[in-house]
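Residue numbers (our numbering): 900 to 1164. Even glycine gets a Cβ: it sits at the ideal position worked out from N, Cα and C. Quick caveat: nothing in here was measured; it's all calculated off a predicted structure. Report on the structure given below.
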């Protein structure tokens, strides 16, 4: 079961992050490059500090893109998995495709999460025990079962690199968007039908989205074979080879096939 005040804590943390972000302007902020050429800004670091001050309690470990990993987290049953700004590239460019991402993991399973998108004025919050809300109103993942009506969100970077060329001519609609956490949250909120990544992602990219999609009645799995592998969190290796998030109806379109074959709809 999820602690009854858990969503209140995530909600309060997202509000705290929102107040910090009022001091920064998307599209008018400089970034530096970390190892791996990933950008980071003063806003990423400030939000990280705000979340760290609000979220962890006794017995809860911490994992964030902007905090040095402490292997002691592996001994904890409960873990906060945070990306202060997922979609920093979009944030720096001024594109409204970034968010604050907070996930909560118990015994390796993502059980609760929250996403704040200041640019689109959306807060998506939920847990396996409570379901999902968008700005306080209940939402569910979509149940589209007609391929022509399916809307799939794809990484802008992956499209730019040509990695989605293999899906040209498919019957579903493809839309580019930054921030995998935001894309997964939109699947949970029933605004689109599916998203998947063709490159590895870290736990902090997808923990919140995994909890939200599953809480909204959708499915999250590691693609690549006939067996659906549900992601497990708080591992020594922080990267997944890829991740797919689908609404319930879209999942039925893929039923009984490998992900690669099913994606030829």
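Asked, Found
"Span separating the alpha-carbon of residue 1022 from that of residue 986", "16 angstroms"
"Reduced DSSP category for residue 1088 - H, G, I as helix; E, B as strand; rest coil", "coil"
"Exposed unless 16 or more other CB atoms sit within 10 angstroms - verdict on residue 995", "buried"
"Classification of residue 1160 by the beta-carbon crowding that lies within 10 angstroms, buried from 16 upward", "Any reading at residue 1160 must be qualified, since the residue scores a pLDDT of 36, below 50, and its modelled position is unreliable; no value is offered."
"Residue 1098 - DSSP class collapsed to helix/strand/coil", "coil"
"Any chain B beta carbon closer than 9 angstroms to residue 1128", "You won't find chain B in this structure, because it holds only one protein chain."
"Short Cβ contact (9 angstroms threshold) for residue 1106 with residue 1052", "no"
"Beta-carbon separation (whole angstroms), residue 1111 vs residue 1031, contact threshold 8 angstroms", "6 angstroms"
"First and last residue of the uninterrupted beta strand (DSSP E) at residue 985", "977 to 985"
"Backbone secondary structure at residue 999 - three-state DSSP", "strand"
"Residue 950 and residue 1001 closer than 9 angstroms at C-beta", "yes"
"CA-to-CA distance, residue 1147 to residue 1120, given in whole angstroms", "13 angstroms"
"Residues of its chain near residue 1017, where Cβ-Cβ distance is below 7 angstroms and the 5 sequence neighbours each way are ignored", "917, 920"
"Identity of the residue in 1046, 1090, 915, 941 nearest residue 924 by Cα", "941"
"Alpha helix (DSSP H) runs wholly inside the stretch 924 to 990, at least 4 long, in chain order", "941 to 953"
"Backbone CA spacing between residue 911 and residue 954 [nearest angstrom]", "9 angstroms"
"Candidates 1011, 1143, 976, 1065, of which the one nearest residue 1134 by Cα", "976"
"Beta carbon of residue 1143 nearer than 9 angstroms to that of residue 1118", "yes"
"With 16 other Cβ atoms within 10 Å as the buried cut-off, status of residue 906", "buried"
"DSSP-derived helix/strand/coil call for residue 1108", "helix"
"Environment of residue 893 [buried if 16+ CB atoms lie within 10 Å]", "The chain is shown only over 900 to 1164; residue 893 falls outside these bounds and no answer can be derived."
"Span of the beta strand (DSSP E), counted from its first residue to its last, around residue 1035", "That residue, residue 1035, is in no beta strand (DSSP E); it is neither H nor E in DSSP."
"Neighbourhood of residue 900 by C-beta distance below 8 angstroms, restricted to the same chain and skipping five residues each side", "Legend: pLDDT at residue 900 = 43, less than 50; position of this residue unreliable, value from coordinates given subsequently. These residues qualify, in order along the chain: 1028."
"Residues that DSSP places opposite residue 1026 in a beta bridge", "1011, 1030"
"Helix, strand or coil at residue 1140 [DSSP, three-state]", "coil"
"Contact check, residue 926 vs residue 991, beta carbons under 9 angstroms", "yes"
"For residue 1118, the first and last residue of its enclosing beta strand (DSSP E)", "1118 to 1120"
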